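For reference, the structure is listed below as C-alpha coordinates.
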Amino acid sequence: MALEEARVRKVEICVSNLPLGTQRVWELIAERYPEVQLRRWACLGLCDLCVRRPFVLVDDREVLQAPSPEALWALFCRRMEDGPPV
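Counting from 17, one number per residue, gives the positions in the sequence shown under the working numbering.
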(Lines of atoms letter the chains of each structure in order from A; the text may use other names.)
(Lines give C-alpha, C1' and ligand atoms only; values in the text may rest on other atoms or scores of the structure.)
Protein backbone atom coordinates (compact mmCIF):
# COMPACT_ATOMS: atom_id res chain seq x y z
CA MET A 17 0.00 0.00 0.00
CA ALA A 18 1.32 3.44 -0.90
CA LEU A 19 2.07 5.78 1.99
CA GLU A 20 -0.50 8.28 0.72
CA GLU A 21 -3.21 5.59 0.79
CA ALA A 22 -2.29 4.65 4.36
CA ARG A 23 -2.51 8.17 5.72
CA VAL A 24 -5.60 9.41 7.49
CA ARG A 25 -7.45 12.06 5.51
CA LYS A 26 -10.24 12.99 7.94
CA VAL A 27 -10.84 12.79 11.69
CA GLU A 28 -14.21 13.42 13.30
CA ILE A 29 -15.05 13.81 16.96
CA CYS A 30 -18.18 14.15 19.03
CA VAL A 31 -18.24 17.32 21.16
CA SER A 32 -19.70 15.28 24.01
CA ASN A 33 -16.44 13.30 24.09
CA LEU A 34 -14.25 16.38 24.57
CA PRO A 35 -14.38 16.25 28.40
CA LEU A 36 -12.75 12.80 28.27
CA GLY A 37 -9.61 14.35 26.77
CA THR A 38 -10.38 14.25 23.07
CA GLN A 39 -9.89 18.04 22.89
CA ARG A 40 -6.15 17.65 23.52
CA VAL A 41 -5.88 14.88 20.91
CA TRP A 42 -7.72 17.16 18.46
CA GLU A 43 -5.18 19.94 19.12
CA LEU A 44 -2.22 17.61 18.69
CA ILE A 45 -3.56 16.29 15.38
CA ALA A 46 -4.03 19.85 14.14
CA GLU A 47 -0.45 20.76 15.13
CA ARG A 48 1.37 17.66 13.90
CA TYR A 49 -0.79 16.65 10.93
CA PRO A 50 -2.16 19.85 9.33
CA GLU A 51 -3.11 17.91 6.19
CA VAL A 52 -5.80 15.99 8.12
CA GLN A 53 -9.28 17.47 7.83
CA LEU A 54 -10.84 17.86 11.30
CA ARG A 55 -14.57 17.94 11.96
CA ARG A 56 -16.56 18.25 15.16
CA TRP A 57 -20.11 16.99 15.41
CA ALA A 58 -22.75 17.31 18.11
CA CYS A 59 -23.23 13.53 17.85
CA LEU A 60 -21.66 10.74 15.82
CA GLY A 61 -24.19 8.14 16.96
CA LEU A 62 -21.62 6.23 19.03
CA CYS A 63 -23.09 7.29 22.37
CA ASP A 64 -22.30 4.08 24.27
CA LEU A 65 -18.62 4.54 23.47
CA CYS A 66 -18.67 8.33 23.71
CA VAL A 67 -19.55 8.44 27.41
CA ARG A 68 -16.90 5.86 28.38
CA ARG A 69 -13.57 6.60 26.66
CA PRO A 70 -11.76 8.94 24.28
CA PHE A 71 -12.27 8.10 20.60
CA VAL A 72 -12.05 9.52 17.08
CA LEU A 73 -13.70 8.44 13.85
CA VAL A 74 -11.14 8.09 11.06
CA ASP A 75 -12.05 8.44 7.38
CA ASP A 76 -15.78 7.81 8.01
CA ARG A 77 -15.31 4.15 8.93
CA GLU A 78 -12.62 3.36 11.48
CA VAL A 79 -13.07 4.05 15.21
CA LEU A 80 -9.89 4.54 17.22
CA GLN A 81 -10.50 4.33 20.96
CA ALA A 82 -8.27 4.16 24.01
CA PRO A 83 -8.51 4.30 27.80
CA SER A 84 -6.83 7.75 27.96
CA PRO A 85 -6.13 10.74 25.72
CA GLU A 86 -2.42 9.91 25.80
CA ALA A 87 -3.08 6.36 24.64
CA LEU A 88 -5.44 7.63 21.93
CA TRP A 89 -2.77 10.04 20.67
CA ALA A 90 -0.20 7.22 20.55
CA LEU A 91 -2.68 4.99 18.72
CA PHE A 92 -3.45 7.75 16.22
CA CYS A 93 0.26 8.35 15.55
CA ARG A 94 0.80 4.62 14.95
CA ARG A 95 -2.19 4.59 12.62
CA MET A 96 -0.71 7.50 10.66
CA GLU A 97 2.62 5.71 10.30
CA ASP A 98 1.46 2.10 9.79
CA GLY A 99 -1.78 2.55 7.88
CA PRO A 100 -5.12 0.85 8.49
CA PRO A 101 -5.33 -2.61 10.02
CA VAL A 102 -5.39 -5.45 7.54
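Positions of the beta carbon are idealized from the N, C-alpha and C atoms, including for glycine. Remember, predicted model here, so these are calculated numbers, not experimental data.
message = Is it the case that the segment 91–100 contacts the segment 54–69, given that we only count it when at least three CB pairs across the two stretches are under 8 Å?
response = No contact exists between the segment 54–69 and the segment 91–100.
ask   = Should Pro70 and Val41 be called a contact, given that it needs their Cβ atoms to be closer than 8 Å?
value = In this structure, Pro70 lies near Val41, with their beta-carbon atoms less than 8 Å apart.
message = According to DSSP, simplified to helix, strand and coil, what is Val27?
response = Residue state, collapsed to three classes: strand.
task = Return helix, strand or coil for Leu60, following the three-state DSSP convention.
result = Shown here, Leu60 sits in coil according to DSSP, grouped into three states, outside any helix or strand.
inquiry  = Are the CB atoms of Val79 and Val24 within a distance shorter than 8 Å?
reply    = Not closer than 8 Å, so no.
request  = Please check the pair Thr38 and Val72, which I expect to be a contact at CB under 8 Å, by giving their CB distance rounded to whole angstroms.
outcome  = That pair is a contact at about 7 Å.
Coil, strand or helix - Val95 by DSSP = Correcting the residue identity first, residue 95 is Arg in this sequence and not Val. Helix.
query = Which residues in the same chain have their Cβ closer than 8 Å to the Cβ of Leu65, if we skip the five residues on either side of it in sequence?
reply = Excluding five sequence positions before and after Leu65, the CB atoms of its chain that fall closer than 8 Å to its own CB belong to Phe71, Val79 and Gln81, given in chain order.
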